[in-house]
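Asker:
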């Protein structure tokens with residue numbers, strides 16, 4: 074146990090060399106400060122992108138048809154592939170498919186209610202689309218199976234359409250006209266991740282019947298039962314091969330059948346962020362090491378300056394352990410205090426930025442009807458990381474002072490007393 078005299082001596086040495094101590098501590102504080110800022114910024118970017126990904130089902134898959142670009146079994150390229158209701162039944166029956174919705178688009182439709190009117194997009198769909206695209210119903214309900222079976226003229230309005238046509242009046246149970254055909258309003262919704270809610274949803278069977286869609290579908294929105302990239306790709310391959318066989322085109326023809334596998338995108342993006350986090354740690358720790366090396370160099374200088382004093386100590390009976398302890402204690406003290414200051418400032422700055430970001434996000438949610446969006450969210454460092462960084466500092470401070478301390482302990486009293 075070190076007595077109070079040693080602490081008084083350490084503080085006396087620090088007071089005599091205020092500027093040197095300040096610069097030494099500053100290098101360590103700056104290192105840990107930058108580590109906290111870099112980690113916080115990396116977390117903020119990762120959290121923001123992850124949240125935007127989660128707005129739709131993370132295991133979502135979208136399919137759309139096009140023209141063939143490859144010959145297939147004697148048939149030339151350039152054939153138009155057209156999805157139908159039977160493709161919906163085929164996909165729904167495939168293993169690995171959870172939710173399924175066919176979609177038939179009706180672009181540029183005129184919506185009217187009383188004296189109000191506007192042009193919006195009507196999307197014909199199945200009930201599962203709500204889960205695939207995380208559509209939030211804020212009043213009433215979404216399209217259901219009864220709507221599909223009985224070809225009801227039901228419509229779920231996007232919030233922007235509701236605001237424009239009804240001006241905050243009650244809409245559920247009222248009738249709006251889509252291209253002069255009346256549809257009963259059964260719900261009002263918001264589209265996740267969107268700042269404009271200008272789509273209306275009607276039963277796919279009704280849309281096909283009323284708007285001369287026959288049995289045609291433009292695309293499919295699916296969710297798949299896959300937790301790994303390999304499982305996801307296997308299901309996607311099965312889907313492509315099934316539709317390619319049915320419509321007679323090459324399964325590798327991306328022009329005939331376009332697809333977007335969200336899980337694949339999510340996995341790849343998360344890998345990128347993992348690499349970014351590793352890179353941030355390397356930069357942050359490198360900056361911290363630079364500061365610790367600075368402490369070690371300063372301690373070497375201190376040992377050289379105090380060579381005669383150390384020699385006197387050893388001449389009157391000071392043990393090597395006491396000399397090592399004195400140097401180590403000073404090194405650990407400077408490193409720990411400076412590192413803690415950097416830690417507090419770094420985490421404090423990120424908490425301040427987080428408060429500002431949350432305020433902006435809340436304002437965006439109010440402005441956009443509760444559907445704010447951001448690519449930067451919760452840029453903070455958790456307490457475990459902060460505690461680990463503090464522990465690393467103590468260890469680094471000990472290592473920084475050990476080499477100079479060991480050198481001091483090896484000084485022979487007679488040589489130290491001759492030193493000028």
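Residue numbers (this note's numbering): 74 to 493. Note that beta-carbon positions come from the ideal geometry of N, C-alpha and C, so glycine has one too.
Reducing DSSP to helix, strand and coil, say where residue 88 ends up.
Answerer: To locate residue 88, count along the chain shown from 1; it is residue 15. Note: residue 88 maps to helix in three-state DSSP.
Asker: Which residues bound the alpha helix (DSSP H) around residue 282?
Answerer: Counted from its first residue, the chain shown places residue 282 at position 209. It spans 277–283 - the alpha helix (DSSP H) in which residue 282 sits, taken as one unbroken run.
Asker: By the three-class DSSP mapping on this structure, what secondary structure does residue 106 have?
Answerer: The sequence position of residue 106 within the chain shown is 33, counting from 1. Residue 106: helix per DSSP, three-state reduction.
Asker: Tell me whether residue 416 sits in a helix, a strand or coil according to DSSP, three-state version.
Answerer: Your numbering for residue 416 matches position 343 in the chain shown. Looking at residue 416 - three-state DSSP - the assignment turns out to be helix.
Asker: Since residue 153 sits in a beta bridge, which residues does DSSP pair it with?
Answerer: Residue mapping note: residue 153 aligns to position 80 of the chain shown, counting from 1. The partner list for residue 153 (beta bridge, DSSP) reads 140.
Asker: Would you call the CB atoms of residue 302 and residue 158 closer than 8 Å?
Answerer: Taking the chain shown and counting its residues from 1, the one referred to as residue 302 is at position 229. Taking the chain shown and counting its residues from 1, the one referred to as residue 158 is at position 85. No, the pair does not count as a contact, with Cβ atoms beyond the cut-off.
Asker: Could you check whether residue 209 and residue 265 sit closer than 8 Å to each other, using their CB atoms as the reference points?
Answerer: On the chain shown, position 192 is the one that residue 265 refers to. On the chain shown, position 136 is the one that residue 209 refers to. Contact: yes.
Asker: Check this for me: beta carbons of residue 154 and residue 139, under 8 Å apart or not?
Answerer: Position 81 of the chain shown, counted from the start, is the residue given in the question as residue 154. Position 66 of the chain shown, counted from the start, is the residue given in the question as residue 139. The answer is yes: Cβ separation under 8 Å.
Asker: Using DSSP's beta-bridge definition, name the partner residues of residue 213.
Answerer: Indexing the chain shown from 1 puts residue 213 at position 140. Looking at the DSSP assignment, residue 213 forms a beta bridge with 260.
Asker: Who are residue 135's beta bridge partners in DSSP?
Answerer: Position 62 of the chain shown, counted from the first residue, corresponds to residue 135. According to DSSP, which records beta bridges pairwise, residue 135 is partnered with 294 and 333.
Asker: Taking residue 252 as the reference, give the member of 201, 313 and 182 with the closest Cα.
Answerer: Taking the first residue of the chain shown as position 1, residue 252 is located at position 179. Checked all of 201, 313 and 182; the closest Cα to residue 252 is 182.
Asker: Take residue 284 and list the residues in its own chain whose beta-carbon comes closer than 7 Å to its own, dropping the five residues that flank it on each side.
Answerer: Position 211 of the chain shown, counted from the first residue, corresponds to residue 284. Within the same chain, 179 come within 7 Å of residue 284 by CB-CB distance, once the 5 residues on both sides are set aside.
Asker: Report the CB separation of residue 163 from residue 315 in whole angstroms; it is logged as a contact under 8 Å.
Answerer: Residue numbering aside, residue 163 sits at position 90 when the chain shown is read from its first letter. Residue numbering aside, residue 315 sits at position 242 when the chain shown is read from its first letter. Yes, they are in contact, since the Cβ atoms of residue 163 and residue 315 sit about 6 Å apart, within 8 Å.
Asker: Under three-state DSSP, which class holds residue 81?
Answerer: As a position in the chain shown, residue 81 is number 8, starting the count at 1. Residue 81 falls in the helix class under three-state DSSP.
Asker: Taking residue 102 and residue 411 to be in contact with their CB atoms under 8 Å, please state how far apart those CB atoms are, rounded to whole angstroms.
Answerer: Within the chain shown, residue 102 is the residue found at index 29, counting from 1. Within the chain shown, residue 411 is the residue found at index 338, counting from 1. About 4 Å separates the beta carbon of residue 102 from that of residue 411, a gap short enough to meet the 8 Å contact definition.
Asker: Use the C-beta contact count for residue 312: other C-beta atoms within 10 angstroms, 16 or more gives buried, fewer gives exposed.
Answerer: Counted from its first residue, the chain shown places residue 312 at position 239. Residue 312 comes out buried.
Asker: May I ask you to list the residues that DSSP assigns as paired with residue 195?
Answerer: Here residue 195 corresponds to residue number 122 of the chain shown, with the count starting at 1. Note: residue 195 sits in a beta bridge opposite 179 and 273.
Asker: Compare the beta carbon distance of residue 94 and residue 105 with 8 Å and say whether it is the shorter of the two.
Answerer: As a working note, residue 94 is residue 21 in the chain shown. As a working note, residue 105 is residue 32 in the chain shown. For residue 94 and residue 105, no; Cβs fall outside 8 Å.
Asker: Looking at the structure shown, is residue 230 part of a helix, part of a strand, or coil, going by DSSP?
Answerer: Locating residue 230 in the chain shown gives position 157, counting from the first residue. Residue 230: strand per DSSP, three-state reduction.
Asker: Beta strand (DSSP E) containing residue 249: first to last residue?
Answerer: By one-based count along the chain shown, residue 249 stands at place 176. That run of the beta strand (DSSP E) goes 248–251.
Asker: Determine the direct distance from the alpha carbon of residue 121 to that of residue 405, and round the result to whole angstroms.
Answerer: Translated into the one-based positions of the chain shown, residue 405 becomes position 332. Translated into the one-based positions of the chain shown, residue 121 becomes position 48. Spanning the two alpha carbons is a distance of roughly 38 Å.
Asker: Taking the straight line between their C-alpha atoms, what separation do you get for residue 151 and residue 108?
Answerer: Counting from 1 along the chain shown, the entry for residue 151 is found at position 78. Counting from 1 along the chain shown, the entry for residue 108 is found at position 35. For residue 151 and residue 108, the distance between alpha carbons rounds to 56 Å.
Asker: Within a Cβ cutoff of 6 Å, which residues of the same chain sit near residue 110, ignoring the five residues on either side of it in sequence?
Answerer: Mapped onto the chain shown, residue 110 falls at position 37. Contacts found: 419.
Asker: Considering residue 158, what are the terminal residues of the alpha helix (DSSP H) in which it resides?
Answerer: Start at 1 with the first residue of the chain shown, and residue 158 comes out as number 85. Taken as a continuous stretch (DSSP letters only), the alpha helix (DSSP H) holding residue 158 covers 158–166.
Asker: On a Cα-Cα basis, can you pick out the residue from 213, 287 and 335 that is closest to residue 304?
Answerer: Along the chain shown, read from residue 1 onward, the residue named residue 304 stands at position 231. Checking every option, the nearest Cα to that of residue 304 belongs to 335.
Asker: Which stretch, first to last residue, makes up the alpha helix (DSSP H) that contains residue 313?
Answerer: Taking the first residue of the chain shown as 1, we reach residue 313 at position 240. From DSSP, the alpha helix (DSSP H) with residue 313 extends over 302–320.
Asker: Go ahead and label residue 444 buried or exposed: buried means 16 or more other beta carbons lie within 10 angstroms of its beta carbon, across all protein chains shown.
Answerer: Here residue 444 refers to the residue found at position 371 of the chain shown. With a pLDDT of 48 at residue 444, under the threshold of 50, the modelled position of this residue cannot be trusted; read the value that follows with caution. Counting of Cβ neighbours within 10 angstroms places residue 444 among the buried residues, the total reaching 16 or more.
Asker: State the start and end residues of the unbroken alpha helix (DSSP H) segment that holds residue 205.
Answerer: By 1-based counting over the chain shown, the position of residue 205 is 132. Per DSSP, residue 205 belongs to the alpha helix (DSSP H) from 202–205.
Asker: Give a yes or no on contact between the stretch 341–358 and the stretch 184–200, applying the rule of three or more CB pairs nearer than 8 Å.
Answerer: no
Asker: Helix, strand or coil: how does DSSP classify residue 443 here?
Answerer: For the purposes of this step, residue 443 is taken as residue 370 along the chain shown, with counting starting at 1. Residue confidence for residue 443 is low, a pLDDT of 49 falling below 50, so the modelled location carries little weight and cannot support an answer.
Asker: Give me the Cα-Cα distance between residue 234 and residue 221, rounded to the nearest whole angstrom.
Answerer: For this step, residue 234 is matched to residue 161 along the chain shown. For this step, residue 221 is matched to residue 148 along the chain shown. As the crow flies, the alpha-carbon of residue 234 is around 23 Å from that of residue 221.
Asker: Residue 326: buried (16+ other C-beta within 10 angstroms of its C-beta) or exposed?
Answerer: Working through the chain shown from its first residue, we reach residue 326 at position 253. With 16 or more other Cβ atoms within 10 Å, it is buried.
Asker: Residues bridged to residue 172 by DSSP?
Answerer: As a first step, residue 172 is located in the chain shown; it is residue number 99 there, counting from the start. According to DSSP, residue pairing for residue 172 in a beta bridge involves 296.
Asker: Excluding the five sequence neighbours on either side, which residues of its own chain have a C-beta within less than 6 Å of the C-beta of residue 84, listed in chain order?
Answerer: Counting from 1 along the chain shown, the entry for residue 84 is found at position 11. Excluding sequence neighbours, residue 84 sits near nothing in its chain.
Asker: Is the beta carbon of residue 258 less than 8 Å from the beta carbon of residue 249?
Answerer: The residue you call residue 258 lines up with position 185 of the chain shown. The residue you call residue 249 lines up with position 176 of the chain shown. Yes, they are a contact pair.
Asker: Near residue 317, what residues of its chain come up, given a Cβ to Cβ distance below 6 Å and the 5 sequence neighbours on each side ignored?
Answerer: Here residue 317 refers to the residue found at position 244 when the chain shown is read from its first residue. Excluding sequence neighbours, residue 317 sits near 324.
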